[in-house]
Structure formats: C-alpha cells, structure tokens
Amino acid sequence: MSLRLAYVGVEASRLDDWQEFSDLAGLQAVPSRDALFLRMDEKARRFIITEGKADDHAFSGFEAESVEEFDRTLERLKREGIPFAHGDEAGAELRAVDRYVLFRDPEGLQHEIAYGCRDADTPFAPKVENRGYVTGAEGLGHIAINCKDYAACEAFMTTALGAGLSDHIFSDFGQSTVQVSFLHLNPRHHSIAYAQFPFETSRKIDHIMIEAMELTDVLKAQARMMDRNIPITISLGEHPNDHAVSFYCTTPSGFRLEIAANCIKVTPGEWEATVYDYFSMWGHRVSA
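Numbering (full-length UniProt numbering), first residue to last: 1 to 288.
In structure tokens:
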C-alpha cells in the first residue's frame, strides 16, 4: 500500500477568516463559487473548505498512486465487507480528482479513496515567502481524529486501508488516560491518528498537521500567528514518536493546525511500533 492523505474537507462558518488564516500559515487560498481551496504545493486542492455550521470534518481523501492500486483498494473494501459508494461527477470536480469512492469509519466520519488528484494550472504562490511543504508520496500531512474507541478505529483502518501501526501514546490525563493510535500508509510516520479522551469532545477533528521543509518556516509561521493574536494552544516542542518539532494554533473553525518540521520517516512493513506515556520530549506547553 502507498496511499497518502491527499485532501481534507472542512465545513466552516467563517470562510473569510479562513482565507486570512491560510496566509498566516503560509498556504495559498483560492476562492471559488463552491468552496475555498487551500494549496500547499502543485496540487489544486489540499484543503476544501465549504460553507456550513459544523466547523468540523466533512471528509478525508486518500489518494491511490495508480489505477491498479485504486482498484485493489476497492477490492479490499469489498472483501472485508466494508460498504462504499462511488462519488458523482460534481463531487469529483469539487475535489479535482478523476474518481473517488467514499466509506465511513466507526465514528461515522466520511473517508474517501481517490485517484487522479490534479495539479493546479499555476505554481504554488503563498503570500509569504517559504520553502514549501513535505508532500508528494507522503501526502499533505496527517489528520488526528477524536473518537470514542481508538482500538476499534485502529482495527478498522488497518482492515480498510491496510494501515500500519506506528505507535501508541497512553498518557495520564487527570484521573484517567488519553489513548492515541498513530497509523501509517507510506513513509510519513502517521497519516491518521485516533485519539480517545476521557471526556466528550466538541469536534471530531483534533488537529491537522502540515510539515514545512525548513524549521525556520515553522518559527516564522508561529511569529505571524502571534502577531495577529491567533491563539497558540500548544507551544513549540518536539514529539517523541515522529520527532516533529511543532506548534499548534487555533483555526477559524476551532480545531487546531499543527505546523511542524523534521519529522522522521518509517518503512512500511518493517517499522516496529512503540508505546509512549508522554506527548513531548520538550516544550509543547498547553495554554490555559
């Protein structure tokens, strides 16, 4: 398997604020009649932000690198008895893909398998100068999803997509424990994570991570966010599992964006999973 997280759909109530936020993050906003598209490389769509009240996850798209892999993935879903539906022409145009199918995880969230994610007609051109982002075979980054049963979601994605387990983090949270499963599909340490908190969360998206090519661009993005009073919910620090040096800020929809650099790679099929009991090697202080 070499699927990669190709795009994320978000239903948002403040599209104008998202456009400004994307500039601060070093992304390129492309408004259209139907959605606000955010670019981070040559692809036409990485974030697909449509107007609505949810301010949360709408869909996640995983791209197959070939028609053959797309077909093999559909055969896998059929074999495992996982229901899926083919996307229509309008949906394919919104996503700028040739074909896609959709299915739902144990949380009821819509995930998609796509083929033929199109490049934009123009080069990536953010309003701020940066060296770009780590994408390509590793996709746009990762998405972390809040869930009621991390083990069930982990088992489902392992079955549906052939995801590999990278790590678990089981960390004390007051009188209880936060339980997180990190899953890989390609050399990126994790493309999807499921986090089970000991309380009800207000959104399904915990955060989305994008990885800058240079650490300097992470620091510059943090400075821009602070200058515009965008809440920094978790300060700069380093995670123990993927060694991402990152900070977290609040998006206009209320979930967090993690901007990172220096993430390690894994070798699918050879990587040995580890269990950690902490989230950070240094820094990553949570704001009150």
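Idealized CB from N, CA, C, for every residue including glycine.
Margin query: Using CA atoms only, rank isn't needed, just tell me which of Pro31, Tyr133, Ala92, Ala25 is closest to Cys263.
Written below: Tyr133
Notebook entry, point to check: Smallest Cα separation from Glu200: which of Asp105, Lys148, Glu112?
Noted result: Lys148
Check: How would you write the range of the beta strand (DSSP E) that Tyr276 sits in, first residue to last?
Finding: 274 to 276
Margin query: Suppose only complete runs of 4+ residues qualify. What are the alpha helix (DSSP H) ranges in the region 71 to 158, listed by chain order?
Written below: 89 to 95
Next item on the list: To the nearest angstrom, report how far apart Arg104 and Ser191 are at their CA atoms.
Entry: 17 Å
Next item on the list: Check whether the Cβ atoms of Glu20 and Phe59 sit closer than 8 Å, and answer yes or no.
Entry: no
Item checked: Residue(s) in a DSSP beta bridge with Met209 -> His142, Glu258
Check: Within 7 Å: the Cβ of Ala221 and any heavy atom of the ligand SAM?
Finding: No copy of the ligand SAM occurs in the structure displayed, which carries no ligand at all.
Note to self: Using the three-state DSSP reduction, which class does Leu185 fall into: helix, strand or coil?
What the structure shows: coil
Notebook entry, point to check: By DSSP, does Asp55 sit in helix, in strand, or in coil?
Noted result: coil
Notebook entry, point to check: Assuming Ala261 contacts Ala212 under a Cβ cut-off of 8 Å, what Cβ separation, rounded to an integer in Å, is found between them?
Noted result: 5 Å
Margin query: Short of 7 Å in beta carbon distance, which residues of its chain neighbour His96, apart from the five on each side in sequence? Order them along the chain.
Written below: Per the sequence presented here, residue 96 reads as Ala, with His not at that position. Hits under 7 Å: Ala44, Arg45, Cys117, Arg118.
Check: From which residue to which residue does the alpha helix (DSSP H) around Arg224 run?
Finding: 215 to 227
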